[in-house]
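Let me begin by presenting the structure, written as structure tokens, before commenting on it.
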């Protein structure tokens, strides 16, 4: 019998082996996971949303504020068996179609136990009614929430940006940063770029709860911290002026005609006013535009389709997000490149023929000036002033020859390197989202465009770039940055919109650092020479008509017209200007661009002129109508 | 006759001199550990209801003292009396198992799903708990009287018939946990009684077919089936069936190597583990004392089982051996099924952990079993 007892003992021993192994797995190998689950079990969090930071202009005038909205939220789980009746009652009370309410409640981004916001800005009587008849509205609550307010209306809409809901796919990434599915997040403009400063920190109350969900004790309370405020470099007065002048001029330009006699479309445009000495943006306007208040109230169908689907693309900030062919506004920059490389000299004279052919080119490619007249030889300054293309075409050939000689070294791309040095071909790094890069055409790029460049890089690549034509593209902001460098003595300043980020207690969280640390390789005399040439554009050059009667003795202005061909569309009208009381260090750079606006002198130059007049409190006394000038 | 020598001989053979103190000590240690675990499992809830946080600990302690008295009483009896009265005990148990189902006599539990006990003077007397010992005694009596050293097939059928009646009655209560314990006791005793391997295999096959049929024929109710199978597929089990197991695993798993500390377990103190003071008492040890604490408890059981099996080998007659083996089987299967259920390797059945789970009948039956073991141990020479 004792041998059989050993069998029993063996069976018992096997039981202990099984239990010990399993315990080892649970308590030693897998314990981390279970410890987390135990914590999740017993701790509940109640969050309090922080107040979002505000935005002010450079003098503390409010641009973005907060306002209280009564928001209706529905918890689907809590509606219980009455769900259908509750939805009908609520739709009636809120005066929205049942179908629409049902659609909002079917939002897949939310779990069934999470309250879904279904209406904002409801009247206080709605809140009172729901509170009084809560038994008719199980799962429905009306809570005060904070939403954005825009005391200046549509002003600076593109810069300020707007808030939007969190997408389902984003939430996994954001929840670790303390976001709730029902939160909003910066979706464009400064709201997007400065999200982490503006948002603030959620308040949280931690409770230990038991298995019935009853609170056993509070673990601690952390009050919400309001977000930081943004103090912008924008000057509300100049911003308004820029927007007003751009809108007025677009309307006026539409009464004009292009060179084929068709009415100008002048459908869109942008204006930038930048402090040339610091890179601070004082105004940035882009049309067409939109009203940020639409997004606070909830977009109607027509607003949504206008904003996101129409050809007008009003949500685009054309001042920074799109590259345009810059036309002759490029010449002061390429002139500096030609001076630096020795192709042009300050004392030299260059022929301004009606046409130009690359030396040795037998293909029959002919580059035309904007006029069929032979204008004789002229200085570089004069070539800028009257915007002679053929003078610059010649420098393009010089750059091409240099490229051919030095193909294998960096020196082979002198023109492209010089343009990149000025900030073209790459985002400026402005603190706004989705900035465009523009394009500096070079042999590598040409290889990717076999239909345009079947034989690779050809002289025309450098020649056309020299006059800012055809392939080269720049955003208005890149042009503003480059002109600022000419104005301030050769320092490339990173454009910026926010000067300071300030905490609710007044402490400065972030201060715009020195943005002008990059110095360009141009001598003061070269830069002064080009500024002088730009001055003569106003007094005796292509913008003479546009600036007739302007008190240049009070405020010095230099500028350059640009008329960029953009087939099959009408020409892009450009004017790049600098202005200030000191001609040797003009304070402001003003860039105006009108899509399908005709000649630079026609649509863009009057905008720049009027903005400068507004900045310096000068009377607006010019009515435009200068449909003359360069191509 | 040498009176002096006779007295010496008599003294040497006096059973009290051969008490297995270590076994008693182990049982006592488990009860004390159980009281600490019970306090942790119940104090915060009782305090929340403005009740004496010690009320359950006190009741359990009193039951344990009563259990020691029972040990004392039973050790004074020669265990062979049980063999004499085995038939009577067996029939009385069957009567109790029938009576408990009679409306008005047996008490129904709060959920109303099972009717398992008599309410007597504030105590719950659960006949199915007693049935385990009755079956042990009855089977030992039958098996020890067999003529051949190995039970023949007809012996086997006789034994199984004896065991089957109470097993079916318990199963119909329904009390699946005790049914499993009874089945394991039968198997354990048959093994020790020398049943041939061939017969054991046949028995196993028959058992599996029976289990299959109970599932197929709907004898097992849906709520039981869900609980029984939840451990096999934790993620797809219905929420309610999964909840017990999930919370139990979280409690044990979160204990880690050394535990979160006595009275510091959140699973335990915040009431996340259902039935924690009864069937899930082991989770307290797991959460608050960790792997080392859980292994210590298992070690105490291992030592008790070692003593029980040792007593089975030391017994002077086959009846004692079979009773001790049956008791060892009973403790082993309850320990294994209960702890296995808590840590997710056995189905969830209502089966108490001997000496640790809160509940009068379980404690008293466990001490009765200890008393019987002691009685066998003490009289191994006489």
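Residue numbers (this note's numbering), protein chains in the order written: chain A, 1 to 631; chain B, 1001 to 1382.
Backbone N, C-alpha and C fix where the C-beta goes; we use that ideal spot for every residue, glycine too.
Just so you know, these numbers come straight off a predicted model, no measurement behind them.
Simplified DSSP state of residue i, which is helix, strand or coil
i                       : result
residue 62 of chain A   : strand
residue 430 of chain A  : coil
residue 284 of chain A  : strand
residue 703 of chain A  : Here chain A comprises residues numbered 1 to 631, so residue 703 of chain A is not present and cannot be evaluated.
residue 1276 of chain B : coil
residue 998 of chain B  : The shown model of chain B, from 1001 to 1382, leaves out residue 998 of chain B, and the question about it has no answer.
residue 205 of chain A  : strand
residue 193 of chain A  : helix
residue 1267 of chain B : helix
residue 2 of chain A    : helix
residue 129 of chain A  : helix
residue 1019 of chain B : coil
residue 154 of chain A  : coil
residue 392 of chain A  : helix
residue 542 of chain A  : coil
residue 1001 of chain B : The predicted position of residue 1001 of chain B is uncertain, since its pLDDT is 43 and thus under 50; a value taken from the coordinates is nonetheless stated next. Here residue 1001 of chain B sits in coil by DSSP.
residue 52 of chain A   : coil
residue 1101 of chain B : coil
residue 171 of chain A  : helix
residue 1260 of chain B : coil
residue 1193 of chain B : coil
residue 1111 of chain B : Note that residue 1111 of chain B has pLDDT 48, beneath the 50 cutoff, so the model's placement of it is unreliable and the number below is only indicative. Reduced to three states, the DSSP call for residue 1111 of chain B is coil.
residue 313 of chain A  : coil
residue 297 of chain A  : helix
Chain-ordered chain D contacts of residue i [CB-CB under 9 Å]
i                       : result
residue 1372 of chain B : Chain labels in this structure do not include chain D; the protein chains are A and B.
Exposure label - residue i; buried when at least 16 CB within 10 Å
i                       : result
residue 360 of chain A  : exposed
residue 355 of chain A  : exposed
residue 180 of chain A  : exposed
residue 1095 of chain B : exposed
residue 177 of chain A  : exposed
residue 259 of chain A  : exposed
residue 358 of chain A  : buried
residue 563 of chain A  : buried
residue 1179 of chain B : buried
residue 123 of chain A  : exposed
residue 6 of chain A    : exposed
residue 454 of chain A  : exposed
residue 1163 of chain B : buried
residue 1271 of chain B : buried
residue 1209 of chain B : exposed
Ordered list of beta strand (DSSP E) runs contained in the segment 208–278 of chain A, each at least 3 residues | 215–222, 229–232 and 268–275
Quick one: complete beta strand (DSSP E) runs, 3+ long, within the segment 347–381 of chain A?
-> Entirely contained in the segment 347–381 of chain A, the beta strand (DSSP E) runs reaching 3 residues are, in chain order, 349–351 and 377–379.
Should the segment 1127–1136 of chain B be regarded as contacting the segment 1361–1374 of chain B, the criterion being three or more beta carbon pairs within less than 8 Å?
-> yes
Any alpha helix (DSSP H) of 4 or more consecutive residues that is wholly inside the segment 63–123 of chain A = 76–79, 83–94 and 98–105
Between the segment 37–51 of chain A and chain B, which residues of the former have a C-beta closer than 8 Å to a C-beta of the latter?
-> The segment 37–51 of chain A vs chain B, Cβ under 8 Å: 37, 38, 39, 41 and 42.
Which runs of the alpha helix (DSSP H), 4 residues or longer, sit entirely within the segment 474–500 of chain A?
-> 476–487
Check whether the segment 190–206 of chain A touches the segment 221–240 of chain A, taking contact to mean three or more Cβ pairs, one atom from each stretch, closer than 8 Å.
-> yes
Please name the residues in the segment 11–24 of chain A whose beta-carbon is closer than 7 Å to at least one beta-carbon of chain B, in chain order.
-> 12, 15, 16, 18, 19, 20, 22, 23 and 24
Please list the residues of the segment 136–147 of chain A that have a C-beta atom closer than 8 Å to any C-beta atom in chain B, keeping them in chain order.
-> none
Three or more C-beta pairs below 8 Å linking the segment 322–342 of chain A and the segment 523–542 of chain A = Taking 8 Å as the limit for Cβ pairs, the verdict is that the segment 523–542 of chain A does touch the segment 322–342 of chain A.
Of the residues that make up the segment 1330–1349 of chain B, which ones have a beta carbon closer than 7 Å to any beta carbon in chain A?
-> 1332, 1336, 1339, 1340, 1343 and 1345
With a cut-off of 8 Å, do at least 3 Cβ pairs link the segment 479–492 of chain A to the segment 576–584 of chain A?
-> yes
Can we say the segment 317–331 of chain A touches the segment 469–480 of chain A, given the rule of at least three CB pairs closer than 8 Å?
-> The segment 317–331 of chain A, when compared against the segment 469–480 of chain A, does touch it at the 8 Å Cβ threshold.
Unbroken stretches of the beta strand (DSSP E), 3 residues or longer, contained in the segment 561–620 of chain A | 569–580 and 588–595
Stretch pair the segment 610–618 of chain A + the segment 505–520 of chain A: three plus CB contacts closer than 8 Å = No, the segment 610–618 of chain A is not in contact with the segment 505–520 of chain A.
Those runs of the alpha helix (DSSP H) which lie wholly inside the segment 397–468 of chain A and span at least 4 residues | 414–421, 443–447 and 459–466
Contact between the segment 306–318 of chain A and the segment 1014–1030 of chain B: three or more CB pairs below 8 Å?
-> no
Three or more beta-carbon pairs under 8 Å between the segment 1293–1307 of chain B and the segment 1251–1262 of chain B, yes or no?
-> yes
Determine, using beta-carbon pairs with one atom in the segment 1301–1317 of chain B and one in the segment 1329–1344 of chain B, whether at least three such pairs fall under 8 Å.
-> yes
Just checking, does the segment 1262–1276 of chain B make contact with the segment 1041–1051 of chain B on the three C-beta pairs under 8 Å criterion?
-> Here the segment 1262–1276 of chain B lies against the segment 1041–1051 of chain B, with 3 or more beta-carbon pairs under 8 Å apart.
Relative to chain A, which residues along the segment 1246–1280 of chain B have a C-beta separation below 9 Å, given in chain order?
-> 1246, 1247, 1249, 1250, 1251, 1252, 1253, 1254, 1255, 1256, 1257, 1259, 1260, 1265, 1266, 1267, 1269, 1270, 1271, 1272, 1273 and 1274
Using a Cβ cut-off of 7 Å, which residues of the segment 1292–1314 of chain B contact any Cβ in chain A, in chain order?
-> 1294, 1295, 1298, 1302, 1305, 1309, 1312 and 1313
At least three beta-carbon pairs within less than 8 Å, the segment 67–76 of chain A to the segment 129–144 of chain A = Because the criterion of three Cβ pairs below 8 Å is met, the segment 67–76 of chain A and the segment 129–144 of chain A touch.
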